[in-house]
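Novice:
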Amino acid sequence: MKKMKRLVAVLLVGIMALAMLTACGVTPSAPSMRDTALEESVAQWTVELGRSKGLELTLDSELTEISNKCLPVAVKAENARLTSPNAHFDAVNKRETFFAEAKKGKTAALVPVTFTSEIEVTKDTLAYAYAALRADVQSNLEQAGVINPTKFGVTVTKQKEYTLVLFVVSE
1 MKKMKRLVAV LLVGIMALAM LTACGVTPSA PSMRDTALEE SVAQWTVELG
51 RSKGLELTLD SELTEISNKC LPVAVKAENA RLTSPNAHFD AVNKRETFFA
101 EAKKGKTAAL VPVTFTSEIE VTKDTLAYAY AALRADVQSN LEQAGVINPT
151 KFGVTVTKQK EYTLVLFVVS E
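In terms of full-length UniProt numbering, the sequence shown opens at residue 1 and continues consecutively.
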């Protein structure tokens, strides 16, 4: 009987340890894997949409790398938004702090655009999202000191609940 209790206790501890190791940091979505095919399309559409607004935007590999570094933190912020308003506020602050370090003194703005999983990201939905978020985007650019945007970087990740398009915009 004693051996059985001990075996059950050891098994229970093992199961709890396994649960802790696999459950820590559980979010409603998978890890942030880039969707490079969609990134290429979004970059092309962004150039075209910019041109239609009188902007000559070019894709910049350095800004794309900054976006890539910030993508996991941005995913955590979006996951927090879906689960808890208080956690979202903290996660956004962490995202902004991480971005400030990643841009290394560059004048650049981080512009996250989220689409629910029901919405396919297309040129039209991207244009609609920009139109809907225009005031926020302009405010974000102005706060970052980006007055005349000419370069951008972009990364895209598809999660279970959403698609996150993460722009970094600079002059």
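Virtual Cβ for every residue (Gly too), placed ideally from N, Cα, C.
None of these values were measured; they are calculated from a predicted model.
Can you tell which of Ala100, Gly54, Leu82 has its C-alpha closest to the C-alpha of Thr150?
Specialist: Numbered from its first residue, the sequence shown carries residue 150 at position 150. Thr150 has its Cα closest to that of Gly54, out of Ala100, Gly54, Leu82.
Novice: So, using beta-carbon positions, are Asp60 and Val156 closer together than 8 angstroms?
Specialist: As a working mapping, residue 60 is identified with position 60 in the sequence shown. As a working mapping, residue 156 is identified with position 156 in the sequence shown. Contact flag unset, no.
Novice: DSSP three-state call for Pro149: helix, strand or coil?
Specialist: The residue given as residue 149 occupies position 149 in the sequence shown. Pro149 falls in the coil class under three-state DSSP.
Novice: Can you check whether the CB of Val146 is closer than 8 angstroms to the CB of Ala129?
Specialist: Numbered from its first residue, the sequence shown carries residue 129 at position 129. Numbered from its first residue, the sequence shown carries residue 146 at position 146. No, the Cβ-Cβ distance between Ala129 and Val146 is not below 8 angstroms.
Novice: Near Ile119, what residues of its chain come up, given a Cβ to Cβ distance below 7 angstroms and the 5 sequence neighbours on each side ignored?
Specialist: Numbered from its first residue, the sequence shown carries residue 119 at position 119. Only Thr125 meet the Cβ criterion.
Novice: Do the stretch 79-99 and the stretch 42-53 make contact, defined as three or more Cβ pairs closer than 8 angstroms?
Specialist: These segments do not touch.
Novice: For the ligand PLP, I want to know if Ser52 counts as a neighbour, meaning its beta carbon is within less than 7 angstroms of at least one of the ligand's heavy atoms.
Specialist: In the structure on display, the ligand PLP does not appear, and there are no ligands present to speak of.
Novice: Put Val121 into one of helix, strand or coil per three-state DSSP.
Specialist: In the sequence shown, the residue the question calls residue 121 occupies position 121. The answer is coil: DSSP assigns Val121 none of H, G, I, E or B.
Novice: Closest to Met33 by C-alpha separation, out of Asp90, Glu62, Tyr162, Glu48, would be which residue?
Specialist: The count along the sequence shown starts at 1 and reaches residue 33 at position 33. Out of Asp90, Glu62, Tyr162, Glu48, Tyr162 has the C-alpha closest to the C-alpha of Met33.
Novice: From the DSSP secondary-structure annotation, give me the bridge partner or partners of Pro112.
Specialist: Taking the sequence shown and counting its residues from 1, the one referred to as residue 112 is at position 112. In the DSSP output, where bridge partners are listed per residue, Pro112 has Leu166.
Novice: Identify the residues that DSSP records as bridge partners of Val156: which are they?
Specialist: What you label residue 156 is simply residue 156 of the sequence shown in a count that begins at 1. Paired residues: Val165.
Novice: What residues in its chain sit with their C-beta under 6 angstroms from that of Ala109, if we drop five residues either side in the sequence?
Specialist: As a working mapping, residue 109 is identified with position 109 in the sequence shown. Excluding sequence neighbours, Ala109 sits near Asn140, Leu141, Ala144, Val146, Val169.
Novice: Along the chain, where does the alpha helix (DSSP H) containing Gly50 start, and where does it finish?
Specialist: Position 50 of the sequence shown, counting from 1, holds the residue named residue 50. It spans 36-52 - the alpha helix (DSSP H) in which Gly50 sits, taken as one unbroken run.
Novice: Using 8 angstroms as the threshold, is the C-beta distance between Phe115 and Thr46 below it?
Specialist: Position 115 of the sequence shown, counting from 1, holds the residue named residue 115. Position 46 of the sequence shown, counting from 1, holds the residue named residue 46. No, Cβ-Cβ distance for Phe115 and Thr46 is not below 8 angstroms.
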